[in-house]
């Protein structure tokens, strides 16, 4: 990614001294005059951010002190996460540096970054931004003003920021205007691999801007647009864009768009895309108001997909009929390793047919590793059917079931499974069992993560 910087340095050294300076080099004249009476700086440091590496840049500039001084002059508090990132980058002494300053970190929870801090960023980091590899400003208080400042300085197209691979602006207050500025700058970053704009009020306009960015970013690998107030047009446009085989996106998060129609046209478009897309390995379609008929159509297309590994359908409106269609998918030559069906209504009104369909599919499925059926109103009979299937499926590693309607037969069966040391792969669950006075109690595991 950095080839050619050394060659540029050699060309600059061979240029005649009497040549007229370019406009961007005018600021160097005074420094060259002073340098005549001072010891020469190391060659790499002399070129600064014009080439070389971050390691060479920090030989002449104390970037940590520069940030602290700029904060003091601008009457802003020093952000502990920014300072830590700079310190770690200096200690690593690599060709690039990173800034990870999420506002939900315990060090900065009461000192989140604002639009004013982006002016400090522009002042301190604009020059070394050529070496910036990762930028995480999630969970802060940036608005369109701060996003535009960021885009026009650190991310500016003429700033030669060619090493940026990850940009995380999750959970700020960036609207369509700020999104436009970010997309205009980011589209020139052919090195960008991960973009997270989730939980920003982008709306339809901002969502479509990100889709346009996707169309022009064949090397983008991860795109997160969860909870951005995007509408059905954004979902359909995303599905249409991903029909292009030249796009290599692997992870797509479209959770919780603003769907106000009872029609499921968006599900059909997404299904048609998944039928032919050979790059996506993970897709999040939670909270898109998918119902039983929608999942039937989705499954009919997914039967032809052999590359998708993670399917997230949490918090939709899937009932027992929808679970039967999922059972058809799992019982086929399905390559899914993660399936999230939490927050649906598969066991509503004591229905066990949906759980039975999934259980029967698990008997022959050897690919699925992680299954989430939490918050599905599964009765004891449905849980018992699932337990019998899990007992025979030795490849399943993780299951989430705690928030359902347990009875003693289902509790006892899972107590046996979790205590079985002869199992090929030990089963992790979001609950533990304990036997007290000939009764099996189910206890929740806090902070359980289904990996």
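Residue numbers (my numbering): 8 to 458. The C-beta atom is built at its ideal place from N, Cα and C for all residues, glycine as well. Just so we're clear, the structure is a prediction, and the values are computed from it rather than from any experiment.
Residue burial classification, residue i (beta-carbon count within 10 angstroms, cutoff 16)
| i | result |
| --- | --- |
| residue 301 | buried |
| residue 453 | exposed |
| residue 119 | buried |
| residue 423 | exposed |
| residue 231 | buried |
| residue 428 | exposed |
| residue 433 | exposed |
| residue 267 | exposed |
| residue 444 | exposed |
| residue 136 | buried |
Separation of residue j from residue i, as counted between CA atoms
| i | j | result |
| --- | --- | --- |
| residue 281 | residue 234 | 21 angstroms |
| residue 116 | residue 198 | 31 angstroms |
| residue 124 | residue 152 | 11 angstroms |
| residue 126 | residue 312 | 47 angstroms |
| residue 39 | residue 456 | Its pLDDT being 43, under 50, residue 39 is placed unreliably by the model, and nothing is read from it. |
| residue 227 | residue 247 | 16 angstroms |
| residue 360 | residue 328 | 8 angstroms |
| residue 402 | residue 430 | 9 angstroms |
| residue 194 | residue 74 | 28 angstroms |
| residue 377 | residue 133 | 44 angstroms |
| residue 349 | residue 382 | 6 angstroms |
| residue 324 | residue 334 | 16 angstroms |
| residue 81 | residue 96 | 24 angstroms |
| residue 273 | residue 371 | 31 angstroms |
| residue 411 | residue 396 | 17 angstroms |
| residue 163 | residue 225 | 20 angstroms |
Own chain partners of residue i with C-beta closer than 8 angstroms, once the 5 adjacent residues on each side are dropped
| i | result |
| --- | --- |
| residue 140 | 103, 104, 105, 170, 171, 172 and 173 |
| residue 26 | Caution is warranted here: a pLDDT of 40 is assigned to residue 26, below 50, making its placement in the model unreliable, and the coordinate value is therefore given only provisionally. Counting only Cβ-Cβ distances below 8 angstroms, and skipping sequence neighbours, we find nothing. |
| residue 450 | 438, 439, 440 and 441 |
| residue 257 | 228, 229, 286, 287, 288 and 289 |
| residue 352 | 324, 325, 326, 383 and 384 |
Spatial neighbours of residue i in its chain, beta-carbon cut-off 6 angstroms, leaving aside the 5 residues before and after
| i | result |
| --- | --- |
| residue 275 | 304 |
| residue 250 | 280 |
| residue 245 | 218 |
| residue 278 | 304, 305 and 308 |
| residue 158 | 188, 189 and 192 |
| residue 87 | 114 and 115 |
| residue 145 | 109, 175, 177 and 178 |
| residue 5 | The structure shown does not extend to residue 5, since the chain spans only 8 to 458, so no value can be given for it. |
| residue 400 | 369 |
| residue 121 | 148 |
| residue 1 | Residue numbering for the chain in the displayed model covers 8 to 458; residue 1 lies beyond these limits and cannot be assessed. |
Nearest to residue i (by Cα), restricted to the options the options
| i | options | result |
| --- | --- | --- |
| residue 98 | 62, 366 and 107 | 62 |
| residue 340 | 314, 299 and 445 | 314 |
| residue 181 | 201, 216, 404 and 436 | 216 |
| residue 332 | 356, 350 and 297 | 297 |
| residue 186 | 334, 362, 200 and 207 | 207 |
| residue 107 | 210, 93 and 100 | 93 |
| residue 131 | 389, 343 and 78 | 78 |
| residue 398 | 379, 367 and 409 | 367 |
| residue 262 | 373, 223 and 322 | 322 |
| residue 374 | 214, 143, 319 and 346 | 346 |
| residue 365 | 214, 393, 122 and 211 | 393 |
| residue 269 | 299, 389 and 336 | 299 |
| residue 259 | 253, 291, 236 and 284 | 291 |
| residue 64 | 91, 320 and 138 | 138 |
Same chain, Cβ closer than 7 angstroms to residue i, neighbours up to 5 away in sequence not counted
| i | result |
| --- | --- |
| residue 416 | 387 and 391 |
| residue 357 | 386 |
| residue 435 | 404 and 405 |
| residue 447 | 415, 418, 419, 422 and 440 |
| residue 426 | none |
Closer than 6 angstroms: residue i CB and nearest the ligand NAP heavy atom
| i | result |
| --- | --- |
| residue 447 | You won't find the ligand NAP in this model; it holds no ligand whatsoever. |
Contact with chain B by residue i, beta-carbon distance below 7 angstroms
| i | result |
| --- | --- |
| residue 275 | Of the chains in the structure shown, none is chain B; there is only one protein chain. |
| said: Using a Cβ distance threshold of 8 angstroms, determine whether the segment 186–199 contacts the segment 238–253, with at least three qualifying pairs required. | reply: no
| field | Any 3 or more C-beta pairs closer than 8 angstroms across the segment 60–74 and the segment 106–117 | value | no
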